[in-house]
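Trainee:
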Ligand code: NAP
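In my numbering, the protein residues as written are 6 to 260.
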């Protein structure tokens, strides 16, 4: 079978370290022949992400904090000069640790707005910055979690942000469909990453999944990477506005 992403350029936002889901996605995209562009949030992880980019054979590594319009604007102009994009992976979320540790009822206004801004609104901002770089169509992807639909212990404000993110996927899919840009999300099963470690008692969720998921195991980052290859490739040309679960089937269980 030919490489599924040969000739395509992929922008991946959210590689922080080699445990990041975005890193597994970048590996899968590279394996399938994509040219990679990576971004990192801030100077503090510049060196790490540049080294990871080098090991992946990435063409470019940029700083881009998705809460800063000027950094998104710079990303657009740099990439426009480089011939545009075919696919974008938004793998970004943030909430204050205390909001993943205390009753949801105690969520502060500032903590709620911060989680929404970084984890949901940023998809709108990224879509606006990158859609002009996909003049003949493309694929925009994001990562979500079951906590958007069901109550999971301590996921709290992030569950509400993921619900907004999933609705954002549908509205963007409707707006961008006429431009042949597809918008989808992967709802990944729990994986121990830096972000996941901020959720109190996260290992309890991992244990429950191994006991109750139809496949009786947790999600491998590489499985998320392979689903992302499908959604970035022409194999998914008729798929938009979807949330695809890559979670060993856990989401179908009632008990
Ligand atoms: P991760 O490695 O910590 O990735 C989160 C990324 O978001 C980091 O690269 C982080 O950068 C970046 N980020 C935060 N604020 C940002 C900003 N203002 N601008 C740009 N980047 C920013 O954790 P992950 O688990 O792979 O998370 C990736 C995505 O998968 C998230 O949307 C998460 O909710 C989702 N997801 C994770 C799981 C799971 O169990 N791990 C399950 C389902 C969905 P810094 O590190 O520099 O802050």
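Think of the CB as a built atom: it goes at the ideal place given N, C-alpha and C, for glycine as much as any other residue.
1) In this structure, does DSSP put residue 99 in helix, strand or coil?
2) Got a sec: does the ligand NAP put a non-hydrogen atom nearer than 6 Å to the Cβ of residue 236?
3) For the beta strand (DSSP E) that residue 14 lies in, which residues bound it at each end?
4) Report the residue from 59, 42, 143 whose alpha carbon sits nearest the alpha carbon of residue 241.
5) Can you list, in chain order, the residues of its chain whose CB lies under 6 Å from that of residue 178, leaving out five sequence neighbours each side?
6) Considering only residues of the region 100 to 167, which uninterrupted alpha helix (DSSP H) runs meet the minimum length of 4 residues and lie entirely inside it, listed in chain order?
7) Please list, following the chain, all residues that have a C-beta closer than 5 Å to any non-hydrogen atom of the ligand NAP.
8) Can the beta-carbon of residue 26 be found less than 7 Å from the beta-carbon of residue 226?
9) Could you have a look at residue 312 and say whether DSSP puts it in helix, strand or coil?
10) By the DSSP assignment, the beta strand (DSSP E) with residue 40 in it spans what residues?
11) Going along the chain, which residues of its own chain have a beta-carbon closer than 6 Å to the beta-carbon of residue 149, five neighbours each way excluded?
12) Rounded to whole angstroms, what is the Cα-Cα separation between residue 230 and residue 18?
13) Over the uninterrupted beta strand (DSSP E) stretch that includes residue 67, give me the two end residues.
14) Where residue 73 and residue 216 are concerned, what is the direct C-alpha to C-alpha distance, given to the nearest angstrom?
15) What residue from 211, 174, 201 has the CA that sits closest to residue 248's CA?
16) If I measure Cβ to Cβ from residue 47 and keep anything under 8 Å in the same chain, skipping five residues before and after, which residues do I get?
Mentor: Quick look at the numbers:
1) coil
2) False, no ligand heavy atom lies under 6 Å from that Cβ.
3) 14 to 18
4) 143
5) 188, 245, 246
6) 114 to 121, 127 to 135
7) 19, 21, 25, 26, 46, 50, 70, 71, 72, 96, 97, 98, 99, 123, 148, 150, 193, 195, 196, 198, 199, 200, 201
8) yes
9) Since the first residue of the chain shown is 6 and the last is 260, residue 312 is not available in this structure.
10) 40 to 45
11) 167, 170, 171, 190, 192
12) One C-alpha to the other measures close to 14 Å.
13) 65 to 68
14) Distance between the alpha carbons of residue 73 and residue 216: 42 Å.
15) 174
16) 68, 70
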